[in-house]
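Step one of this worksheet: look at the structure below.
There are 2 protein chains.
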Amino acid sequence: MSNLIIWTLDWVPEGPRGFVRDLRLRWACEEAGLAYQVQTVPFADRESNHLTQQPFGQVPFLTDGELQLFESGAGLLYLARKSDRLMPDDPVSAAHTLQWVISALNSIEMVTVPWWFLSLSGNQDNGLGKWTEKRLQQLESVLEGRDWLVANRFTVADLLMADVLRIPEVRALSNRPASEAYVQRITERAAFRKAYADQLAHFEAADRCWS
Amino acid sequence: MSNLIIWTLDWVPEGPRGFVRDLRLRWACEEAGLAYQVQTVPFADRESNHLTQQPFGQVPFLTDGELQLFESGAGLLYLARKSDRLMPDDPVSAAHTLQWVISALNSIEMVTVPWWFLSLSGNQDNGLGKWTEKRLQQLESVLEGRDWLVANRFTVADLLMADVLRIPEVRALSNRPASEAYVQRITERAAFRKAYADQLAHFEAADRCWS
Numbered sequence: 015m016s017n018l019i020i021w022t023l024d025w026v027p028e029g030p031r032g033f034v035r036d037l038r039l040r041w042a043c044e045e046a047g048l049a050y051q052v053q054t055v056p057f058a059d060r061e062s063n064h065l066t067q068q069p070f071g072q073v074p075f076l077t078d079g080e081l082q083l084f085e086s087g088a089g090l091l092y093l094a095r096k097s098d099r100l101m102p103d104d105p106v107s108a109a110h111t112l113q114w115v116i117s118a119l120n121s122i123e124m125v126t127v128p129w130w131f132l133s134l135s136g137n138q139d140n141g142l143g144k145w146t147e148k149r150l151q152q153l154e155s156v157l158e159g160r161d162w163l164v165a166n167r168f169t170v171a172d173l174l175m176a177d178v179l180r181i182p183e184v185r186a187l188s189n190r191p192a193s194e195a196y197v198q199r200i201t202e203r204a205a206f207r208k209a210y211a212d213q214l215a216h217f218e219a220a221d222r223c224w225s
Numbered sequence: 015m016s017n018l019i020i021w022t023l024d025w026v027p028e029g030p031r032g033f034v035r036d037l038r039l040r041w042a043c044e045e046a047g048l049a050y051q052v053q054t055v056p057f058a059d060r061e062s063n064h065l066t067q068q069p070f071g072q073v074p075f076l077t078d079g080e081l082q083l084f085e086s087g088a089g090l091l092y093l094a095r096k097s098d099r100l101m102p103d104d105p106v107s108a109a110h111t112l113q114w115v116i117s118a119l120n121s122i123e124m125v126t127v128p129w130w131f132l133s134l135s136g137n138q139d140n141g142l143g144k145w146t147e148k149r150l151q152q153l154e155s156v157l158e159g160r161d162w163l164v165a166n167r168f169t170v171a172d173l174l175m176a177d178v179l180r181i182p183e184v185r186a187l188s189n190r191p192a193s194e195a196y197v198q199r200i201t202e203r204a205a206f207r208k209a210y211a212d213q214l215a216h217f218e219a220a221d222r223c224w225s
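Just so you know, the sequences run in chain order A and B.
The first sequence begins at 15 in our numbering and counts up by one.
The second sequence begins at 15 in our numbering and counts up by one.
Laid out in structure tokens, this is it:
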């Protein structure tokens, strides 16, 4: 029996369902064939009820026996060490997997997430619009030349990059056919479909308890 | 002789000096006692002249023999594997170092850098101001309780977090005494002072060549 536990919220409104980041960790475990459980912290008072596990009041976090770990990006790299289905063993490919994971977090998401946050108020052409388009276009140029980011195969870097790119507002921003094909191909994987369905089912079950 | 090469720009204007991210890698090498060289790509046409090494047209990137690696965060984690002065050997502390490195990149910098970018136009109270203050205050609560992020000692997570927090506009945003003491303590380290002085000297030497 596995000691891996993915912690998420017990319930969220409909909007974020399918996009809560516990999905990243579920998906990685599914790809790697790692057994895991899902446990929850309450949605009510979520910004203060689990600060000892996650100092920014977010989910997910991971426990593996005694180890407690927050940041989905860190969780992915931690899980990747457990399975070469997520990260190749050879040192160069492992370093490049790390590189593209960080790139998804700090070159793409660092621009797309604040842009998306500002566009929630109705203005996609906000102060971050041009920067966002530029970064996405630079990534498009990379994806025009290859199917996968690392070693000509799926890695956890593709998992994370596709998860960053699949946000509907990001996906709809400008015409980037290579990126769109990349997102489609990766989100058709059985492990993604299962993780996605499991997250939806988790929150739907909570609806029934609350109703 | 080391094969480690840190690549940066041959020149930058005065504004970014002391903040170009090659400093992160210089600093890590100085902390770890790793020999390295610095080489350059031209500032002119920087957005397109080294796309094969860095697809977003940025610096730094790192070479180590045949390996090429971009993203300063990835470079730091790569270098951390070479020295326990950057990351403790025990698996729990190593995982927590990874966690806080990712946190600096994806929970703090993902908010502070776009906020800073928007405030360049003169408006610190932009759409990201409240989010930035909230995250920095959450981090302040963490730093009120400890001197270091991991294992009660300096790690590469402190190097990166202090580098993220030492941006003058970030440092000046609200009163956070624990964070300020943390930045001061860490940027007084000999390895930071040397890396900082070396970066300034590198760009000043270029001034003389160009004048």
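Quick reminder that beta carbons are idealized off the backbone N, C-alpha and C, glycines included.
Because the structure is a prediction, the values reported are computed rather than measured.
The residue from Val52/B, Gln113/B, Pro69/B and Val34/B with its alpha-carbon nearest to that of Lys148/A is Pro69/B.
Nearest to Gln198/A by alpha-carbon distance, out of Ser188/A, Met175/A and Ala211/A, is Met175/A. Apart from the 5 residues on each side of it in sequence, Ala118/A sits with its Cβ closer than 6 Å to the Cβ of Leu174, Met175 and Val178 in its chain, given in chain order.
Under a criterion of Cβ atoms nearer than 7 Å, the residues of chain B adjacent to Ala88/A are, in order, Leu112, Gln113 and Ile116. For the stretch 154–179 of chain B, the set of positions with a beta-carbon nearer than 8 Å to some beta-carbon of chain A reads Ser155 and Val156 in chain order.
Nearest Cα to Gln113/B within the set Leu91/A, Thr54/A and Ala204/A: Leu91/A. Judged by DSSP secondary structure, Asp36/B falls outside any beta strand (DSSP E) and instead within the alpha helix (DSSP H) spanning Asp36 to Ala46. For Asn17/B, there are no neighbours in chain A by C-beta distance under 8 Å, as the nearest C-beta there is about 14 Å away. With distances taken between CA atoms, Leu134/A lies nearest to Val184/A out of Val184/A, Gly89/A and Glu218/A.
Taken atom to atom, the span from the alpha-carbon of Thr77/B to that of Ser86/A is near 28 Å.
It is roughly 39 Å from the alpha-carbon of Arg40/A to the alpha-carbon of Ala186/B.
Residue nearest to Thr22/B within the set Phe206/B, Leu93/B and Ala58/B is Ala58/B (criterion: CA-CA distance).
When secondary structure is reduced to three states using DSSP, Val127/B falls in the helix class. Here Asn189/A is exposed, its C-beta having fewer than 16 other C-beta atoms within 10 Å.
Secondary-structure assignment with DSSP links Asp139/A through no beta bridge to anything.
Judged by pairs of C-beta atoms under 8 Å, the stretch 98–113 of chain A does not touch the stretch 122–141 of chain A, as fewer than three such pairs exist. The three-state secondary structure of Ile116/A, taken from DSSP, is helix. Flagged as an interface residue toward chain B: Gly141/A, by a C-beta distance shorter than 9 Å. Cα atoms of Arg35/B and Lys208/A: separation of roughly 40 Å, rounded to the nearest angstrom. For Phe70/A, the chain B residues whose C-beta falls within less than 7 Å of its own C-beta are Ser121, Arg149 and Gln152, listed in chain order. Taking 9 Å as the upper bound on Cβ-Cβ separation, chain B lies near no residue of the stretch 30–42 of chain A. Residues Trp41 of the same chain have their beta carbon placed closer than 6 Å to that of Phe206/B, with the five preceding and five following residues left out of the count. Neighbours of Leu100/A in chain B, taken as residues whose beta carbon is under 7 Å from its own, are absent, since the nearest beta carbon is some 15 Å off. Pro74/B has a beta carbon lying at 9 Å or more from every beta carbon in chain A. Under the 9 Å criterion on CB atoms, Pro191/B is classed as non-interfacial with respect to chain A. The contact set of Tyr92/B on chain A, defined by CB atoms closer than 9 Å, consists of Ala109, Leu112 and Gln113 in chain order.
At a cut-off of 9 Å between C-beta atoms, Glu183/B does not count as an interface residue with respect to chain A. Its chain contains Ala205, Lys208 and Ala209 as the residues whose beta carbon lies nearer than 6 Å to that of Glu44/A, once the 5 sequence neighbours on both sides are disregarded; these appear in chain order. Judged by beta-carbon spacing, Leu132/A lies within the 9 Å limit of Asn140/A, meaning their Cβ atoms are closer than that value. Listed as beta-bridge partners of Val55/B by DSSP are Leu23/B. Counting other Cβ atoms within 10 Å of its Cβ, Arg180/A reaches 16 or more and is therefore classed as buried. For Leu214/B, the closest Cβ of chain A is not nearer than 9 Å.
Secondary structure note for Gln82/A: its beta strand (DSSP E) is the uninterrupted segment Leu81 to Phe84.
As a beta-bridge residue in DSSP terms, Val164/B pairs with Arg167/B. Beta bridge pairing from DSSP links Thr77/A with Ile19/A and Gln82/A. Interface flag for Leu23/B against chain A is unset, since no Cβ pair is found closer than 9 Å.
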